[in-house]
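J.: Have a look at the structure that comes next, please.
Residue numbers (my numbering): 21 to 158.
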């Protein structure tokens, strides 16, 4: 499962923005130092930007579909839902912070009763269905 979705959703639009800013600044500098871009050059730049936008939109759609599928599948089975939750929690709160594996195992042991609680499971499954629906709509 790819949990890099949020990174890619954030980084790809930033990359597009960086391209636009670079092109805009480059065009401004070019105008200050030499005659402006002709209409053909401007059309080419616009076409390239549109192609970039389409590629980024396509990747975002693909990532949303992929995430939606993962969430929808996990929402069908309480055990799968807990596994996904624990895996995501581990990544965010332990791996990214450089914490020890033993700390994670201690946390997981402390959560055993919570993971069996019907109300917790019901809420988790509902949240996963909501996430799947949100990904479909995005």
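Just so you know, even glycine gets a beta-carbon here, dropped at the ideal spot from N, CA and C.
1) Classify residue 101: buried if its beta carbon has 16 or more other beta carbons within 10 angstroms, exposed otherwise.
2) Once DSSP output is grouped into helix, strand and coil, what is the label at residue 98?
3) Return the CA-CA distance between residue 104 and residue 79, expressed in angstroms with no decimal places.
4) Counting only the same chain and skipping the five closest in sequence on each side, list residues whose C-beta sits under 7 Å from that of residue 140.
5) Using a 10 Å radius around the Cβ and a threshold of 16 neighbouring Cβ atoms, would you call residue 143 buried or exposed?
6) Give the DSSP-derived three-state secondary structure of residue 57 in the structure shown.
7) For residue 147 and residue 130, what's the separation of their Cα atoms in angstroms?
8) Just the C-alpha distance for residue 119 and residue 132, rounded to the nearest angstrom, thanks.
9) What would DSSP say about residue 116, mapped onto helix, strand or coil?
10) Can you name, in chain order, every residue of its own chain whose Cβ lies under 8 Å from the Cβ of residue 149, other than the five neighbours on each side?
11) Please classify residue 138 as buried or exposed, where buried requires at least 16 neighbouring CB atoms within 10 angstroms.
12) Jot down the residue ranges of each uninterrupted alpha helix (DSSP H) in the stretch 58-94, minimum 4 residues, whole runs only, in chain order.
13) Measuring alpha carbon to alpha carbon, tell me which residue in 145, 158 and 151 is nearest residue 98.
14) Let me know the secondary structure DSSP gives residue 131 once reduced to three states.
T.: Inspection of the coordinates gives the following:
1) It is buried - the Cβ of residue 101 has at least 16 other Cβ atoms within 10 Å.
2) The three-state reading of DSSP puts residue 98 in helix, counting H, G and I together.
3) Cα to Cα, residue 104 sits roughly 23 Å from residue 79.
4) Around residue 140, the same chain offers 134 as residues with beta carbons nearer than 7 Å, after the five sequence neighbours per side are excluded.
5) With fewer than 16 other Cβ atoms within 10 Å, it is exposed.
6) Taken through DSSP and simplified to helix, strand or coil, residue 57 comes out as coil.
7) Approximately 22 Å, taken between the alpha carbons.
8) Spanning the two alpha carbons is a distance of roughly 20 Å.
9) Coil at residue 116, not helix or strand.
10) Excluding positions up to five away in sequence, the list reads 91, 92 and 95.
11) By the 10 Å Cβ count, residue 138 comes out exposed.
12) The qualifying runs are 59-94.
13) Each of 145, 158 and 151 was checked against the Cα of residue 98, and the nearest Cα belongs to 145.
14) DSSP places residue 131 in coil when its eight states are reduced to three.
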